[in-house]
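Trainee: Attaching a single structure in structure tokens format; questions to follow.
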Amino acid sequence: MKSFKITTLPGDGIGPEVMDAALAVLDLVGNEYGLNFEIKTELAGGASLDQFNEPITDSVLQSCLESDAVLLGAVGGSKWDNLPQEKKPEKGLLKLREVLGLFSNLRPAKIYGPLADASSLKKDVIVGSDVMVVRELTGGIYFGNPRGHNEQEGFNTLRYKKYEVERIAKVAFELARKRNGHVTSVDKANVLDSSQFWRNVVHEVHQDYQDVPLSNMYVDNAAMQLVRDPKQFNVIVTQNMFGDILSDITAMITGSMGMLPSASLGENHAMYEPVHGTAPEIAGQNKANPIAMIGSVAMMLEITLNQTEAAHRLNNAIESVLDNGIRTIDIASSDSIIVTTEEMKDEIIKAFKQTDQSISNSRELVKEKNE
Ligand code: NAD
């Protein structure tokens, strides 16, 4: 039986509630596909501060380093807002990214047909759009030195090394190849030297991916094109700060934060988490939407654990539940059947089990392979 080590960090607020849903789904996937998930649940963020006075401990970091993948709920809340910077719950997250070397952040923004009305854009503009933003996460202007400010000036440094651009470009091309898609490299090469460099290196890497179409776009144009016609994009690859901004634009096109999964990948490690935070105002009320967290499990199955069929089946289960009008409160409309976090999880599990029998043969094959 294939075995995978997973460290789960439920975190704070709604984190533990959506993580419970993820664990139930993993249990089901394990049973159906003959996979053994060795799961270790650890503290991170405010929960860790309360117990250990640190947002993440070395022993938890070690557990993450020894895992095939990390699943994170969300961290933070007003209880810890007044702590000094280095003690804030979010510091735990930054530390985790640094220690695991997670240099690429993948944020898919897929429009679920039945939710198209939740978007601030017109339905016909967004239906059918499926964009993956690949953001460089550990370099660029957020990390460059020198940096500083005084009364007369403020400054940061935007610097990229060749290997940093090469490895993120490879991630984008590999993903686009898997999706039968194309890559748009977003930069500001008409103004910034670092962007001209970025563009040159991306084109060099592209020599090894001639089957994947590549185009370039200036970041100001990309921001405008994303809201004008998101369907023109497939995979967007870009530097840290541009990716920070563009991925929030693509996220909001889908209409709800509770729907969006994400992955952060390094050479040897991977972490999966919903894009949303701890939603303190609904925490502990069984109201949180678990879809972003369950979608993060699907990404983990596909990208790190190579269980593509299970991942697709899980995404199909989510889609079919939405098709049936079942909604948590954050995505409900007047004709929805409103459910709790637990009920949504149960519905997704039911839909997963009911998946078309025509794939059951291939499922048996996958199970045999895993055994
Ligand atoms: P948030 O994402 O927690 O909430 C924004 C809005 O979306 C709120 O109205 C919330 O109720 C709603 N929402 C978010 N996720 C939802 C879900 N799954 N189901 C239903 N509704 C959902 O962002 P915020 O309010 O800016 O931040 C709250 C706390 O979370 C802060 O302490 C912040 O620092 C932290 N945070 C953590 C992460 C992380 O751990 N990765 C990310 C963002 C914010």
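Heads up: take any position in the sequence shown, counting from 1, add 39, and you land on the numbering used here.
Note that the Cβ used here is the ideal one computed from N, Cα and C, for glycine as well.
When we look at the beta-carbon of Gln393 and count the other beta-carbons within 10 Å, is it buried (16 or more) or exposed?
Mentor: Here residue 393 refers to the residue found at position 354 of the sequence shown. By the neighbour-count rule (16 or more Cβ atoms within 10 Å), Gln393 is not buried but exposed.
Trainee: So what's Tyr151 in DSSP terms, helix, strand or just coil?
Mentor: For the purposes of this step, residue 151 is taken as the residue at position 112 of the sequence shown. Here Tyr151 sits in coil by DSSP.
Trainee: Using beta-carbon positions only, say whether Leu110 and Ser335 come within less than 8 Å of one another.
Mentor: As a position in the sequence shown, residue 110 is number 71, starting the count at 1. As a position in the sequence shown, residue 335 is number 296, starting the count at 1. Yes, the pair counts as a contact, with Cβ atoms nearer than the cut-off.
Trainee: For His221, is the beta carbon positioned less than 7 Å from some heavy atom of the ligand NAD?
Mentor: In the sequence shown, counting from the first residue as 1, residue 221 sits at position 182. His221 Cβ: outside cutoff for every heavy atom of the ligand NAD.
Trainee: Helix, strand or coil for Gly116? Go by DSSP, reduced to three states.
Mentor: Counted from its first residue, the sequence shown places residue 116 at position 77. Reduced to three states, the DSSP call for Gly116 is coil.
Trainee: What does a CB cutoff of less than 6 Å around Ile56 pick up in its chain, not counting 5 residues either side in sequence?
Mentor: By one-based count along the sequence shown, residue 56 stands at place 17. According to the sequence shown, residue 56 is Glu rather than Ile. Ala327 and Thr380, listed in sequence order.
Trainee: Buried or exposed for Ser68, going by 16 or more other Cβ atoms inside 10 Å?
Mentor: In the sequence shown, residue 68 corresponds to position 29, counting from 1. It is Val, not Ser, that sits at residue 68 in the sequence shown. Its Cβ being crowded by 16 or more others within 10 Å, Val68 is buried.
Trainee: Just mark Ser303 as buried or exposed, buried being the case when its beta carbon has 16 or more other beta carbons within 10 Å.
Mentor: Walking along the sequence shown from the start, residue 303 turns up at place 264. Ser303 is buried by the Cβ-count criterion.
Trainee: Which complete alpha helix (DSSP H) runs does the stretch 316 to 342 hold, if anything under 4 residues is left out?
Mentor: The qualifying runs are 330 to 342.
Trainee: Check whether the Cβ of Pro123 lies closer than 7 Å to any heavy atom of the ligand NAD, and answer yes or no.
Mentor: As a position in the sequence shown, residue 123 is number 84, starting the count at 1. Flag unset: Cβ of Pro123 not near the ligand NAD.
Trainee: State yes or no: is the C-beta of Leu231 within less than 8 Å of the C-beta of Leu197?
Mentor: Counting from 1 along the sequence shown, the entry for residue 231 is found at position 192. Counting from 1 along the sequence shown, the entry for residue 197 is found at position 158. Cβ atoms of Leu231 and Leu197: closer than 8 Å.
Trainee: Going by C-alpha distance, which of Glu341, Val225 and Gly297 is nearest Ser158?
Mentor: For the purposes of this step, residue 158 is taken as residue 119 along the sequence shown, with counting starting at 1. With distances taken between Cα atoms, Ser158 lies closest to Gly297.
Trainee: Expressed to the nearest angstrom, what Euclidean distance is found between the alpha-carbon atoms of Ile292 and Ile165?
Mentor: Translated into the one-based positions of the sequence shown, residue 292 becomes position 253. Translated into the one-based positions of the sequence shown, residue 165 becomes position 126. C-alpha separation (whole angstroms): 7 Å.
Trainee: Nearest-angstrom Cα distance between Ile330 and Ile377?
Mentor: To locate residue 330, count along the sequence shown from 1; it is residue 291. To locate residue 377, count along the sequence shown from 1; it is residue 338. Using only the alpha carbons, I get a separation of about 14 Å.
Trainee: Note down the Cα distance separating Leu74 from Lys389, rounded to an integer number of angstroms.
Mentor: Against the sequence shown, residue 74 aligns to sequence position 35. Against the sequence shown, residue 389 aligns to sequence position 350. Those two C-alpha atoms are separated by around 19 Å.
Trainee: Considering only the alpha carbon of each residue, which of Asn144, Glu243, Met58 and Pro94 lies closest to Thr123?
Mentor: For the purposes of this step, residue 123 is taken as the residue at position 84 of the sequence shown. Correcting the residue type first, residue 123 is Pro in the shown sequence and not Thr. The residue with the shortest Cα to Cα distance from Pro123 is Pro94.
Trainee: Using the DSSP secondary-structure output, state which residues sit across from Val225 in a beta bridge.
Mentor: Sequence index remark: in the sequence shown, residue 225 carries index 186 (1-based). Paired residue(s): Met256 and Thr277.
Trainee: Just to confirm before moving on: does the CB-CB distance between Leu253 and Ala148 stay below 8 Å?
Mentor: Your numbering for residue 253 matches position 214 in the sequence shown. Your numbering for residue 148 matches position 109 in the sequence shown. For Leu253 and Ala148, no; Cβs fall outside 8 Å.
Trainee: Taking the alpha helix (DSSP H) that Arg174 belongs to, which residues open and close that run?
Mentor: Locating residue 174 in the sequence shown gives position 135, counting from the first residue. Premise fails: Arg174 lies in the beta strand (DSSP E), Asp169 to Glu175, not in any alpha helix (DSSP H).
Trainee: Under 8 Å, with one C-beta from each stretch per pair, do the stretch 130 to 150 and the stretch 309 to 322 reach the 3-pair mark?
Mentor: Because the criterion of three Cβ pairs below 8 Å is met, the stretch 130 to 150 and the stretch 309 to 322 touch.
Trainee: Any contact between the stretch 49 to 64 and the stretch 77 to 90? By contact I mean 3 or more CB pairs, one from each, below 8 Å.
Mentor: Result yes; three or more Cβ-Cβ pairs closer than 8 Å.
Trainee: Measure the C-alpha to C-alpha separation of Leu344 and Glu190 and round it to an integer number of angstroms.
Mentor: Numbered from 1 along the sequence shown, position 305 holds the residue referred to as residue 344. Numbered from 1 along the sequence shown, position 151 holds the residue referred to as residue 190. Cα to Cα, the separation comes out at about 51 Å.
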